[in-house]
Amino acid sequence: MFRACQRLGSEPLRVLFATTAKPMGTQATPGCFWRGLRLLAVDSTCWDVADSPANEAAFGRPGNSRSHDKSSFPQVRMACLIEVGTHLVLDAELAGCRTGEVTLVGRLPRSCGPGELVLADREFLGVPMWRAFTDSGADLLWRVPANRLLPVERMLRDGSWLSRIHAHTVRAHRDPVTVRVVAYQLHGAGHEGEDYRLVTTLLDARRYPARQLTALYQERWEAEAVFAELKTHQRGARVVLTSKTPDGVLQQIWAHLLVHHALRELMVRTAATRGLDADRVSFTEALRSARRSVTVTPGSFSP
3 MFRACQRLGS EPLRVLFATT AKPMGTQATP GCFWRGLRLL AVDSTCWDVA DSPANEAAFG
63 RPGNSRSHDK SSFPQVRMAC LIEVGTHLVL DAELAGCRTG EVTLVGRLPR SCGPGELVLA
123 DREFLGVPMW RAFTDSGADL LWRVPANRLL PVERMLRDGS WLSRIHAHTV RAHRDPVTVR
183 VVAYQLHGAG HEGEDYRLVT TLLDARRYPA RQLTALYQER WEAEAVFAEL KTHQRGARVV
243 LTSKTPDGVL QQIWAHLLVH HALRELMVRT AATRGLDADR VSFTEALRSA RRSVTVTPGS
303 FSP
């Protein structure tokens, strides 16, 4: 089995994932669309991998913020584009932890297009990244860093306003991007009175009310739920990927993504036949059922 995996390598699994990772949500799928726009989210996470010289050389080892020591394990960084309503991973980029998450997310616009609304956190906001996504035809709703200045150019009827963002590298502030700013305070769950600002390409306050946008942005956290499904439930909590070779590590991650996609597709189809929200179907129960079917009836479950 080990030698067969070595002969196969990671590339066939990457190609298989790229071929099969397609959106499944329809207008009837709960949480998949808002005002005709398919909801997507981008985010990143890291996988701990086996502590071997080859893995450390290929992927790097993050530093420890509490001391001058480094982390116990090398890490692979993974950026994902996720369909919010189904938790399906539609695209992914993998690299060593020395590659920043902004760099990896910057490769995901290739899988975006018109009729989609991409949600993202504040660390991704920048003019080059913004333009990379908007050039795909997608609309955006992203959080703003606290220190970002967004002067009011025109106040809108719902309290939001039009402003402009500039690339930090352009001192003359030429060729800015027009955005709509939505400011609000988050209450509850330890965030009492915390100020939030969002920027969006959706400039029409009548068609896209600010209050609805603030509620909608919370869907971005579905990406965290997807990472928990992959790394806590499917892989196992605090489990390190076992391969001691870089290609073997990548093979394992693509395999996890393929299995997750197969499970989520099964859950979406099951929920649709019963008129349920796919979020009401337990991922852990689906995972247990799939594992039982593989054990009892080999070949009955396959990505």
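As numbered in this note's numbering, residues 3 to 305 make up the sequence shown, in order. In this text, a Cβ means the ideal position worked out from N, Cα and C, and glycines have one as well. On a predicted model such as this, the values are computed, not experimentally measured, just so you know.
Alpha carbons only, please: which of 120, 39, 260 is nearest the one belonging to residue 232?
Residue numbering aside, residue 232 sits at position 230 when the sequence shown is read from its first letter. Nearest neighbour of residue 232 by Cα position, chosen from 120, 39, 260, turns out to be 260.
Of all the options 40, 16, 97, which has the alpha carbon lying nearest to the alpha carbon of residue 50?
Looking up residue 50 in the sequence shown gives position 48. Considering only alpha carbons, the answer is 97.
For residue 186, which residues of its own chain have a beta-carbon under 6 angstroms away from its beta-carbon, when the five flanking residues on both sides are left out?
Against the sequence shown, residue 186 aligns to sequence position 184. Residues of the same chain with a CB within less than 6 angstroms of the CB of residue 186, apart from the 5 flanking positions on each side, are 198, 216 in chain order.
Within this structure, are the beta carbons of residue 165 and residue 181 separated by less than 8 angstroms?
Reading the sequence shown from its first residue, position 163 is the one you call residue 165. Reading the sequence shown from its first residue, position 179 is the one you call residue 181. One thing to note: residue 165 has its Cβ within 8 angstroms of the Cβ of residue 181.
Is the beta carbon of residue 37 less than 8 angstroms from the beta carbon of residue 219?
Residue mapping note: residue 37 aligns to position 35 of the sequence shown, counting from 1. Residue mapping note: residue 219 aligns to position 217 of the sequence shown, counting from 1. Cβ distance not < 8 angstroms, so residue 37 and residue 219 don't count as in contact.
Going by DSSP, name the residue or residues bridged to residue 183.
Reading the sequence shown from its first residue, position 181 is the one you call residue 183. Partner(s): 163, 201.
Just the Cα atoms here: how many angstroms apart are residue 140 and residue 44?
To locate residue 140, count along the sequence shown from 1; it is residue 138. To locate residue 44, count along the sequence shown from 1; it is residue 42. Taken atom to atom, the span from the alpha-carbon of residue 140 to that of residue 44 is near 13 angstroms.
Rounded straight-line distance, which links the Cα of residue 93 to that of residue 241:
Position 239 of the sequence shown, counted from the first residue, corresponds to residue 241. Position 91 of the sequence shown, counted from the first residue, corresponds to residue 93. Using only the alpha carbons, I get a separation of about 24 angstroms.
Which one or two residues does DSSP pair with residue 84 in a beta bridge?
Working through the sequence shown from its first residue, we reach residue 84 at position 82. Looking at the DSSP output, residue 84 sits in a beta bridge with 43, 91.
Mark residue 271 as exposed unless 16 or more other C-beta atoms lie within 10 angstroms of its C-beta, in which case mark it buried.
Against the sequence shown, residue 271 aligns to sequence position 269. Exposure of residue 271 is indicated by the presence of fewer than 16 other C-beta atoms within 10 angstroms of its C-beta.
Please state whether the Cβ-Cβ distance between residue 15 and residue 292 is less than 8 angstroms.
The count along the sequence shown starts at 1 and reaches residue 15 at position 13. The count along the sequence shown starts at 1 and reaches residue 292 at position 290. It is not a contact, given that the beta carbons lie outside the stated cut-off.
Under the DSSP definition of a beta bridge, which residues are partnered with residue 50?
By one-based count along the sequence shown, residue 50 stands at place 48. Per the DSSP secondary-structure output, residue 50 pairs in a beta bridge with 77.
Would you kindly work out how many angstroms separate the C-alpha atoms of residue 280 and residue 207, rounded to a whole number?
Within the sequence shown, residue 280 is the residue found at index 278, counting from 1. Within the sequence shown, residue 207 is the residue found at index 205, counting from 1. Put simply, the backbone Cα of residue 280 is about 31 angstroms away from that of residue 207.
Simplified DSSP assignment, three categories, for residue 145
On the sequence shown, position 143 is the one that residue 145 refers to. In this structure, residue 145 counts as strand in the three-state DSSP scheme.
Got a sec, what are the start and stop residues for the beta strand (DSSP E) residue 155 sits in?
Reading the sequence shown from its first residue, position 153 is the one you call residue 155. Annotation for residue 155: no beta strand (DSSP E) segment contains it, and DSSP assigns it neither H nor E.
Count the other C-beta atoms from every protein chain shown that fall within 10 angstroms of the C-beta of residue 27, then say buried if there are 16 or more, exposed otherwise.
Looking up residue 27 in the sequence shown gives position 25. That one is buried.
Quick one: what does DSSP say residue 120 is sitting in, helix, strand or coil?
Working through the sequence shown from its first residue, we reach residue 120 at position 118. For residue 120, the secondary structure class from DSSP, reduced to helix, strand or coil, is strand.
Length of the line joining the Cα atoms of residue 11 and residue 178
Residue numbering aside, residue 11 sits at position 9 when the sequence shown is read from its first letter. Residue numbering aside, residue 178 sits at position 176 when the sequence shown is read from its first letter. Looking at the backbone, the Cα of residue 11 and that of residue 178 are separated by about 45 angstroms.
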